[in-house]
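Accompanying notes for the structure given below.
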Amino acid sequence: MSGSVIYSAIDLTDGFYQILMRESDIPLTAVSTPSGMLWEWLVMPQGLKNAPATFNRMVSHVLRPLRAFAPSYFDDIFVHSRAEDGLSAVDVHLRHLRKVFEKMRENKLYANLKKCVFCAPEIPATLARAAFAPTLRRSCRSVLGRRPRTRRSCANGWASRITFTSTRMIMRA
Numbered sequence: 001m002s003g004s005v006i007y008s009a010i011d012l013t014d015g016f017y018q019i020l021m022r023e024s025d026i027p028l029t030a031v032s033t034p035s036g037m038l039w040e041w042l043v044m045p046q047g048l049k050n051a052p053a054t055f056n057r058m059v060s061h062v063l064r065p066l067r068a069f070a071p072s073y074f075d076d077i078f079v080h081s082r083a084e085d086g087l088s089a090v091d092v093h094l095r096h097l098r099k100v101f102e103k104m105r106e107n108k109l110y111a112n113l114k115k116c117v118f119c120a121p122e123i124p125a126t127l128a129r130a131a132f133a134p135t136l137r138r139s140c141r142s143v144l145g146r147r148p149r150t151r152r153s154c155a156n157g158w159a160s161r162i163t164f165t166s167t168r169m170i171m172r173a
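Right under this line is the structure:
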């Protein structure tokens with residue numbers, strides 16, 4: 001992305017639901033309802049253990065020929081371009097977008113237009129929660145650490161020191 005001047009971010013709609021279940025695996029996804037009916041998933045449900053990895057692998061595989069200008073991260077595709085071969089950055093970017101959209105169409109991947117950003121000088125990003133921002137107290141603890149408490153015990157007649165950490169001490173912020 002270094003040297004690029006135009007960026008687009010494409011957000012794929014309902015990520016896991018875009019992957020069809022293998023025919024032989026559909027009966028394994030059956031869920032019983034209160035009325036006694038069985039429902040089977042025809043698409044990959046979000047609760048499966050490897051669903052995120054499978055979806056990421058599929059998107060990476062689809063976009064592999066385009067990864068020089070269209071890297072992906074799970075359900076996000078980032079397209080970046082700069083001027084080359086006498087063409088303006090906008091012309092190059094439109095060509096890149098067309099190639100990405102053709103790959104998406106071939107593989108039946110759909111974008112959420114409300115979350116997409118096209119032909120922007122930068123892609124805006126926001127921090128989802130401020131809970132991840134370190135506090136002074138938390139920062140000091142991480143740098144200085146805590147001295148673990150110890151107690152003496154006798155095991156097989158030999159005195160030994162056992163270190164332990166209180167769960168209360170870990171949980172306090």
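Under the UniProt record's numbering, the first residue of the sequence shown is numbered 1, with each subsequent residue one higher.
Cβ coordinates follow ideal geometry from the N, Cα and C atoms, glycine included.
Top-ranked residue by Cα proximity to residue i, from the options
{"i": "K114", "options": "A9, S2 and V5", "result": "A9"}
{"i": "E106", "options": "I26, V59, D91 and H80", "result": "V59"}
{"i": "L42", "options": "A30, G36, S35 and P34", "result": "A30"}
{"i": "A89", "options": "G47, Y73 and A120", "result": "A120"}
{"i": "R67", "options": "W39, P45, K103 and L48", "result": "K103"}
{"i": "F74", "options": "N56, F118 and N112", "result": "N56"}
Bridge partner(s) assigned by DSSP for residue i
{"i": "E84", "result": "L87"}
{"i": "A9", "result": "F78 and V117"}
{"i": "V43", "result": "L20"}
{"i": "L109", "result": "Answer by DSSP bridge pairing: none, since L109 is not bridged."}
Inter-residue CB distance, residue i and residue j (contact presumed, cutoff 8 Å)
{"i": "S32", "j": "R82", "result": "About 55 Å; that fails the 8 Å criterion."}
{"i": "V79", "j": "Y7", "result": "7 Å"}
{"i": "L109", "j": "V62", "result": "7 Å"}
{"i": "D85", "j": "D11", "result": "D85 to D11, Cβ: 30 Å. No contact."}
Helix, strand or coil at residue i according to DSSP, with G and I counted as helix
{"i": "A53", "result": "helix"}
{"i": "S4", "result": "coil"}
{"i": "P34", "result": "coil"}
{"i": "F69", "result": "coil"}
{"i": "P124", "result": "coil"}
{"i": "G15", "result": "helix"}
{"i": "L48", "result": "coil"}
{"i": "F164", "result": "Unreliable positioning characterises F164 in this predicted model, as indicated by a pLDDT of 43, which lies under 50. A coordinate reading is not provided."}
Residue i: CB within 8 Å of a non-hydrogen atom of the ligand SAM
{"i": "P124", "result": "This structure simply doesn't include the ligand SAM, nor any ligand for that matter."}
Beta carbon proximity, residue i to chain C, threshold 9 Å
{"i": "F69", "result": "No chain C is part of this structure, which consists of one protein chain only."}
Three Cβ pairs or more, each shorter than 8 Å: is that satisfied between the region 20–30 and the region 88–106? At 8 Å Cβ cutoff, the stretches do not touch.
Taking three-plus beta-carbon pairs below 8 Å as touching, is the region 11–19 in contact with the region 49–58? Because the criterion of three Cβ pairs below 8 Å is met, the region 11–19 and the region 49–58 touch.
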